[in-house]
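J.: Going letter by letter, the first sequence gives residues 14 to 594 in our numbering.
By construction, the Cβ of each residue, glycine as well, lies at the ideal position given by its N, Cα and C atoms.
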Amino acid sequence: MSQTGHIVDRQEVAQVLERIAAFQELRGENAYRVRAFRTAARAVSSLPRPIQDALADGTLAETRGVGPATVQIIQEIVGTGHSSLLEDLREQVPPGLVEMLAIGGLGVTKIRQIHESLGVDTLPELEAAARDGRLAQLPRFGKRTAENVIRGIASLRQATEFRLHHHAREEAVRLVVALERLPGVLHAHIAGDVRRAMELVRDVVVVVEADCAPQEIFQRLADLPGVHEFAGQDERVVMLRFVGGASARVVVTTRVNAGAVLVQATGSAEHLRRLGEHAATSGHTLRAAALWRGNSFTATPDEGALYGALGLPWIPPELREGMGEVEAAAAGALPALVGPEDIRGVLHCHTVDSDGTNTVVELADAVAAAGFAYLGITDHSESAAYAGGLDPAIIAQQAAEIDGYNRRQSGFRALKGIEADILADGSLDYDAETLASLDFVIASVHSRFHMTEEEMTARVLKTMDNPYVAIIGHPTGRLLLARKAFPLDMDAIMEKAAAVGVALEINADPHRLDLDWRLLRRAKERGVKISIGADAHSIAGIANMEIGVGLARKGWLGPADILNTLPVDEFVRFACHRRPR
DNA sequence: GCCGTTTTCGGCCCGACTGTTTTCAGTCG
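(1) Closest to ALA293 by CA distance: which of THR279, ALA302, ALA271 and GLY324 is it?
(2) Starting from CYS589 and walking both ways along the alpha helix (DSSP H), at which residues does that stretch end?
(3) If contact is defined by three or more beta carbon pairs under 8 Å, each pair taking one atom from either stretch, is the segment 45-55 in contact with the segment 534-542?
(4) Using beta-carbon positions only, say whether SER544 and ALA510 come within less than 7 Å of one another.
(5) So the alpha helix (DSSP H) LYS123 belongs to, where does it begin and stop?
(6) Out of VAL482, MET507, ALA302 and ILE435, point me to the one whose CA is closest to PRO227's CA.
(7) Any chance you could list the alpha helix (DSSP H) runs of at least 4 consecutive residues sitting entirely within the segment 49-94, in chain order?
(8) Taking Cβ positions, are PHE425 and ALA381 nearer each other than 7 Å?
(9) What is the C-beta distance between MET558 and ILE356, in whole angstroms, given that I count them as a contact (C-beta under 8 Å)?
(10) Taking contact to mean at least 3 C-beta pairs separated by less than 8 Å, is the segment 187-201 in contact with the segment 160-171?
(11) Among ILE90, ILE519, GLU467 and GLU334, which has the Cα closest to the Cα of SER457?
(12) By DSSP, does ARG592 sit in helix, in strand, or in coil?
(13) Report all residues from its chain with a CB closer than 8 Å to the CB of ALA398; omit the five preceding and five following residues, and keep chain order.
(14) Are the Cβ atoms of ALA433 and SER394 separated by less than 7 Å?
(15) Given ILE552, which residues of its chain have a CB within under 6 Å of its CB, disregarding the five upstream and five downstream residues?
(16) Given a threshold of 16 other Cβ atoms within 10 Å of its Cβ, counted over all protein chains shown, does ASP145 qualify as buried or as exposed?
(17) What residue ranges within the segment 265-325 form continuous alpha helix (DSSP H) runs of no fewer than 4 residues, ordered along the chain?
(18) Please name the residue, chosen from PRO348, VAL29, ALA282 and ALA343, that lies closest to GLU334 on a Cα-to-Cα basis.
(19) Check whether the segment 568-581 and the segment 361-371 touch, using three or more Cβ-Cβ pairs below 8 Å as the test.
(20) Just tell me which of GLU38, VAL207, ILE90 and GLU222 has its CA closest to the CA of VAL57.
(21) Between the alpha carbons of GLN150 and ALA141, how many angstroms are there, rounded?
(22) Give the single residue among GLU100, PRO329 and LEU388 whose Cα lies nearest to the Cα of GLN422.
(23) May I have the straight-line CA-CA distance separating ARG287 from GLY41, to the nearest angstrom?
(24) Given that a residue counts as buried once 16 or more other Cβ atoms are within 10 Å of its Cβ, and exposed if not, what is SER59?
(25) Tell me the start and end of each unbroken alpha helix (DSSP H) in the segment 156-231 that is at least 4 residues and wholly inside, in chain order.
(26) On the CB-based measure, 16 or more other CB atoms within 10 Å of its CB, does GLN411 come out buried or exposed?
(27) Entirely within the segment 346-385 and at least 3 residues each: give me those beta strand (DSSP E) ranges in chain order.
(28) Which one or two residues does DSSP pair with ARG262 in a beta bridge?
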């Protein structure tokens, strides 16, 4: 996980704890002990501060879900870069079996059965067994199970090819910091999918402005701690692979051409194709290292200079998908995009009352300190038993706590909300009286995903008839790299949302990012209000808001399209406008 | 393993779905 010179971060520690849990589970360890490690992993990954600090001042030991055994493991990881417990487990259980846990439909029991009766302990062996019929012959296995396994292995391959946005961004930031320390490097810039705010990232791309020869930079790169493999692509580009399996492309440029190089390292293939066509109309050619006109190159020290030379305004990176932005720029019709500073309220936050890790007060203080004007607290509802959903008595208790908190504030308000489960028939699991006691209601599907498109659409449409529902949470239910969206007629949903005045959510949890940005322009055209929800389960989750804003920008949305750019009173008015008086 | 006491040991998420069976175990959210 770590090596000398590399500072361990909380995500790496959380990964070790997750691995320990998985190995223990396969060993047949007590299920609650396994769960304790998972809880600890989650608590660690959402620590608001560096793990070293939390360890040093004792706050780690006080963190819920982190007990003495976990603290000891973390001390070892931070001090030595490895965990002897994990290493022991690795010797007892074939690591391939742990990888199998990520295949849907395979749990501990089935994997042990596969291992014991077929002697299979790697993914390739498992795939072979699924294809040649051996798997389907095991007791309580069948054709369907074998097909699921083959599908699961394929999607695992995809999952290792792509990374979630927030993980890729963390890697990119770390790389930029390391690169900017190298002699000869003037600046390092994040480019590629990360800069375009893509929800999934294949390659981390960083552009380096250097005042020395690229070869000198490459030499220093190869010596960076943690670099495992180094492959030159051409005289200005290298591919780095790190010990942890992550990879990154580093593009070196001179300062005078930085604009041309950064634009090409950032834009999608389609953006660059259309930009090339536009450039040709004024006799320009965009080549890898520079912008040319005939035999003379045009200086482009920054992106503004590049777009300017082509008669265009600077195009925000999130828009560079080749979906009409070059044409809009040429026509002076680029949208004015929403920015993080426009957001007044953090919505969709869970507390310890359901499955969050911070209290109402901790969360509210953190949101206020981050400069927002309001916080929408929305714990799970009663039927979400797995997430500690709130019964009406706890709702009343939380309401009293929020009222008390608000009395002590000026200029900041915590709102009483709920994330209510949409039941199979489209109704909610609270009566009107309970819903009326809240400032706003988010309604989300959390169960019964396997409906036909007609059934699921009818279910959500019916939910929108409930006059207390203000927002439909994570409308399509997808989990990136893990679960497909359920089938839903989004045109029908958007039409109704606009007609009755219900907002649709951009859920900014980096595992969801749902609605998909590709749907947002259609929503905007129909006049649907979009709510950006953090879906925070801890203070650290407040940072999701920025990812949500990135998605909104990708969808060409402006401040007026977003519900939580409204001041708190107007937000509550929107949330309550359909309620009976 | 963690938590919270009724303070050092007992409880911790439960109901629905899937794919297999032919009455239900295993997985999942």
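T.: Reading from the atomic positions:
(1) Taking the first residue of the first sequence as position 1, residue 293 is located at position 280. Comparing Cα-Cα distances from ALA293 to each of THR279, ALA302, ALA271 and GLY324, the minimum goes to GLY324.
(2) Taking the first residue of the first sequence as 1, we reach residue 589 at position 576. Segment 581-589, the alpha helix (DSSP H) holding CYS589.
(3) No, the segment 534-542 does not touch the segment 45-55.
(4) Reading the first sequence from its first residue, position 531 is the one you call residue 544. Reading the first sequence from its first residue, position 497 is the one you call residue 510. Contact: no.
(5) On the first sequence, position 110 is the one that residue 123 refers to. Per DSSP, LYS123 belongs to the alpha helix (DSSP H) from 121-131.
(6) As a working mapping, residue 227 is identified with position 214 in the first sequence. Of VAL482, MET507, ALA302 and ILE435, the residue nearest in Cα terms is ALA302.
(7) The qualifying runs are 64-69, 72-75 and 81-93.
(8) Within the first sequence, numbered from 1, the residue matching residue 425 stands at position 412. Within the first sequence, numbered from 1, the residue matching residue 381 stands at position 368. One thing to note: PHE425 has its Cβ within 7 Å of the Cβ of ALA381.
(9) For the purposes of this step, residue 558 is taken as residue 545 along the first sequence, with counting starting at 1. For the purposes of this step, residue 356 is taken as residue 343 along the first sequence, with counting starting at 1. Between the beta-carbon of MET558 and that of ILE356 there is about 6 Å, and that keeps the pair under the 8 Å contact cut.
(10) In short, these stretches do not touch, since the Cβ pair count stays below three.
(11) Here the question's residue 457 lines up with position 444 in the first sequence. Residue ILE519 is the option with its Cα nearest to SER457.
(12) One-based indexing of the first sequence puts residue 592 at position 579. Note: ARG592 maps to coil in three-state DSSP.
(13) Against the first sequence, residue 398 aligns to sequence position 385. For ALA398, same chain residues with a beta-carbon under 8 Å away, outside a window of 5 residues either side, do not exist.
(14) As a first step, residue 433 is located in the first sequence; it is residue number 420 there, counting from the start. As a first step, residue 394 is located in the first sequence; it is residue number 381 there, counting from the start. Taking 7 Å as the cut-off, the beta carbon of ALA433 is found closer than this to the beta carbon of SER394.
(15) Position 539 of the first sequence holds residue 552. Result list for ILE552: PRO61, ASN371 and ALA379, in chain order.
(16) On the first sequence, residue 145 is found 132 positions in, with the first residue counted as 1. Per the 10 Å Cβ criterion, exposed.
(17) Complete alpha helix (DSSP H) runs here, min 4: 271-279, 282-293 and 316-322.
(18) Position 321 of the first sequence, counted from the start, is the residue given in the question as residue 334. Nearest to GLU334 by alpha-carbon distance, out of PRO348, VAL29, ALA282 and ALA343, is ALA282.
(19) Taking a cut-off of 8 Å for Cβ pairs, the segment 568-581 and the segment 361-371 do not touch, as fewer than three such pairs fall below it.
(20) Looking up residue 57 in the first sequence gives position 44. Selected option, being the one with the closest Cα: ILE90.
(21) As a working mapping, residue 150 is identified with position 137 in the first sequence. As a working mapping, residue 141 is identified with position 128 in the first sequence. Spanning the two alpha carbons is a distance of roughly 14 Å.
(22) Here residue 422 corresponds to residue number 409 of the first sequence, with the count starting at 1. Taking the Cα of GLN422 as reference, the smallest distance to any Cα among GLU100, PRO329 and LEU388 is reached at LEU388.
(23) Here the question's residue 287 lines up with position 274 in the first sequence. Here the question's residue 41 lines up with position 28 in the first sequence. Looking at the two C-alpha atoms, the distance is approximately 57 Å.
(24) As a working mapping, residue 59 is identified with position 46 in the first sequence. By the C-beta density criterion, SER59 is buried, having at least 16 other C-beta atoms within 10 angstroms.
(25) Correct list: 156-174, 178-193 and 205-208.
(26) Position 398 of the first sequence, counted from the start, is the residue given in the question as residue 411. Per the 10 Å Cβ criterion, buried.
(27) 358-362, all fully within the segment 346-385.
(28) Mapped onto the first sequence, residue 262 falls at position 249. ARG262 pairs with VAL218 and MET252.
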